[in-house]
Every structure is written in structure tokens, then in C-alpha cells.
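**Q** I have a structure I would like to understand better, so I am pasting it below and will then ask my questions one at a time.
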Amino acid sequence: MDRAELLDILNLSTFIAFDLETTGLDPVTDHIIEIAAIRFVKGRPKDRYVTLVNPDKHIPVLVTQITGITNNMVRTAPKEAKVIDDFLEFLGDAPLVAQNICFDWEFLSELCKRYERSIPNG
1315 MDRAELLDIL NLSTFIAFDL ETTGLDPVTD HIIEIAAIRF VKGRPKDRYV TLVNPDKHIP
1375 VLVTQITGIT NNMVRTAPKE AKVIDDFLEF LGDAPLVAQN ICFDWEFLSE LCKRYERSIP
1435 NG
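Following our numbering, the numbering of the sequence shown begins with 1315 at its first residue and continues without gaps.
Below you can see the structure in the form of C-alpha cells.
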């Protein structure tokens, strides 16, 4: 059985792998500063979505050391309100996967709540 057949059996012929970088660990008080996502179709990358996000708050030095993302880098980046609609459109109804899905999912869910958007099915 090849990869495409296995993904079909698992109902994952199309899925999106995503990762978020944030200003901290609390999805209520901290904010997303980068979103990266790749849409896979039959096991192969097809589309990608990558953006920095202006969190409207200072990025702590420790976060910059971990992520390499600086306050200067996000200064002219789109704000959350713009990014959430673009990202949700990219996601569509595809299943979502992530290395640390619990962490990323909490931030994505909180962002959707903050802007009164429907949380993806994931």
C-alpha cells in the first residue's frame, strides 16, 4: 500500500499541516505572531499559507530568541482581524494536523472566538 492509498483509507487524501508562533503560552492573553500552513493532497504539498501577524503588543525577548520573530518584523504585518478571515478561507473544511495540536488549536479557537468566527472542524 502506498502513501496515497493509506491517506485515502484514513480519509486524509487532503489535509492541512499548520504551525503557530505566539507571544506566550496563554491563548487568552497572548497572541499569534506567525501562521504557517501547507495543504497536502494525496500526500503531496499543493498550497501554502504563511504570514506574520501584528499582535498589537510587545513580543517578549524570550519569544524572539525562540522564534527569531522581532517586534520590527511584525510592525507592518496584517492584524489578527484580517488574518483570521484569510486563514479560515485557506483552511476550508480540510482536516488539520500539527505537531503540538493542543497548543495551536487553543490559540486558533481563541482567535476565532475573539472575532466571532466559526471554529474550524479540524
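Here a beta-carbon is modelled for each residue, glycine too, at the ideal position from N, C-alpha and C.
(1) Counting Cβ pairs, one atom from each stretch, are 3 or more of them under 8 Å apart for the segment 1385-1395 and the segment 1403-1422?
(2) Rounded to whole angstroms, what is the Cα-Cα separation between residue 1382 and residue 1337?
(3) Anyone know if the C-beta pair for residue 1276 and residue 1409 falls short of 8 Å?
(4) Check the DSSP bridge columns for residue 1359 and list the partner residues they point to.
(5) If you check the beta carbons only, do residue 1359 and residue 1421 fall under 8 Å apart?
(6) Taking buried to mean at least 16 other C-beta atoms within 10 Å of its own C-beta, is residue 1283 buried or exposed?
(7) Quick one: what's got a C-beta closer than 7 Å to residue 1425's C-beta in the same chain, skipping five residues either side?
(8) Taking the Cβ atom as the reference point for each residue, do residue 1418 and residue 1332 lie within a distance shorter than 8 Å?
(9) On the CB-based measure, 16 or more other CB atoms within 10 Å of its CB, does residue 1362 come out buried or exposed?
**A** Based on what the coordinates show:
(1) No, the segment 1385-1395 does not touch the segment 1403-1422.
(2) When rounded, the distance between both Cα atoms is 12 Å.
(3) The structure shown has nothing for residue 1276, since the chain only spans 1315 to 1436.
(4) According to DSSP, residue 1359 bridges with 1354.
(5) Using a Cβ distance threshold of 8 Å, residue 1359 and residue 1421 do not count as a contacting pair.
(6) The structure shown does not extend to residue 1283, since the chain spans only 1315 to 1436, so no value can be given for it.
(7) Closer than 7 Å at Cβ, skipping near neighbours: 1346, 1394 and 1398.
(8) In contact: residue 1418 and residue 1332 (Cβ atoms closer than 8 Å).
(9) Its Cβ having fewer than 16 others within 10 Å, residue 1362 is exposed.
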